[in-house]
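Engineer: Please read through the structure below; I'll follow up with questions.
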Amino acid sequence: MPDDVLQAALFPYQVNLPYPQVEVQSPNRRYATLISDGYAGRGSEMTAVNQYLVHRYYLEKYPQIYLAYQKIAQVEQIHLQLLGKLIFDLGGRPFLQSCVTNHYWSGMFPDYQCTLEAILKSDIEGELDAISHYKLLICQITNDQIQRLFARIILDEQRHIQILTSFLSDPGKAGPLLNDFTDSGNT
269 MPDDVLQAAL FPYQVNLPYP QVEVQSPNRR YATLISDGYA GRGSEMTAVN QYLVHRYYLE
329 KYPQIYLAYQ KIAQVEQIHL QLLGKLIFDL GGRPFLQSCV TNHYWSGMFP DYQCTLEAIL
389 KSDIEGELDA ISHYKLLICQ ITNDQIQRLF ARIILDEQRH IQILTSFLSD PGKAGPLLND
449 FTDSGNT
């Protein structure tokens, strides 16, 4: 599926902007090591994908939230793929491991919740942690292209917080009208 078709299918669950290209000029294992924590560490994209997919099972009686969780997991998977490719291009190995902590990814990393409010709060917290981690990486990695990629990913994470917060604020409504997010484009 072409990237623009995939992006259209995931809108409004991701920001309607392309992901910046990163052209790695030479290997940089230090950068690959730092990025590996966001790829497969405790609060990583791998954890986010799996946490959203597991939480989705508990949300079938909320069709709009259920759909949102499927789509958000797909956006997180795109982030996972972008980080894995970046690690590889930087000369690292995209193993399911944080080279920062030297621990492999574990099914113990997701925060397993089973009630609507707990699920939403947990996932909002996960998105906030991801944003903090990407901001830290932007400070640690001086490559402008990589920094722009992380800034773009942050926009998606912020969008997810908007969506999840709207579900939390009005669970009876079962979430936002998707039109609430179609006009905000780049927020």
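With positions in the sequence shown counted from 1, the corresponding number in this note's numbering is that position plus 268.
For every residue, glycine included, the Cβ atom is placed at its ideal position computed from N, Cα and C.
As the structure is a computational prediction, the values presented were derived from the model and not from experiment.
#1: Ordered along the chain, which non-local residues of its own chain (more than five positions away) have a Cβ less than 6 Å from that of Asp424?
#2: Can you tell me whether Ser366 is helix, strand or coil according to DSSP?
#3: Pairing CB atoms from the stretch 407-416 with CB atoms from the stretch 317-327, are three or more of them under 8 Å?
#4: In angstroms with no decimal places, state the Cα-to-Cα distance between Gln345 and Ile355.
#5: Applying the 10 Å Cβ sphere with the 16-neighbour rule, what's the burial state of Ser304?
#6: Going by beta carbon distance, what residues of the same chain come within less than 7 Å of Pro288, once the five residues before and after it are set aside?
#7: Between which residues of its own chain and Val292 is the CB-CB distance below 7 Å, once the five residues before and five after are set aside?
Structural biologist: Taking the geometry as given:
#1: For this step, residue 424 is matched to residue 156 along the sequence shown. Cβ within range, chain order: Gln282, Val283 and Val343.
#2: Here the question's residue 366 lines up with position 98 in the sequence shown. DSSP places Ser366 within a strand segment (E or B) once states are collapsed to three.
#3: The stretch 407-416, when compared against the stretch 317-327, does not touch it at the 8 Å Cβ threshold.
#4: Position 77 of the sequence shown, counting from 1, holds the residue named residue 345. Position 87 of the sequence shown, counting from 1, holds the residue named residue 355. In a straight line, the C-alpha of Gln345 is about 15 Å away from that of Ile355.
#5: Residue numbering aside, residue 304 sits at position 36 when the sequence shown is read from its first letter. Around the CB of Ser304, 16 or more other CB atoms lie within 10 Å, so the residue is classed as buried.
#6: Taking the sequence shown and counting its residues from 1, the one referred to as residue 288 is at position 20. Cβ within range, chain order: Gln413, Arg416, Leu417 and Arg420.
#7: Position 24 of the sequence shown, counted from the start, is the residue given in the question as residue 292. Setting aside the 5 residues that flank it on each side, Val292 is surrounded in the same chain by Asp357 and Leu358, each with a C-beta closer than 7 Å to its C-beta; the list follows chain order.
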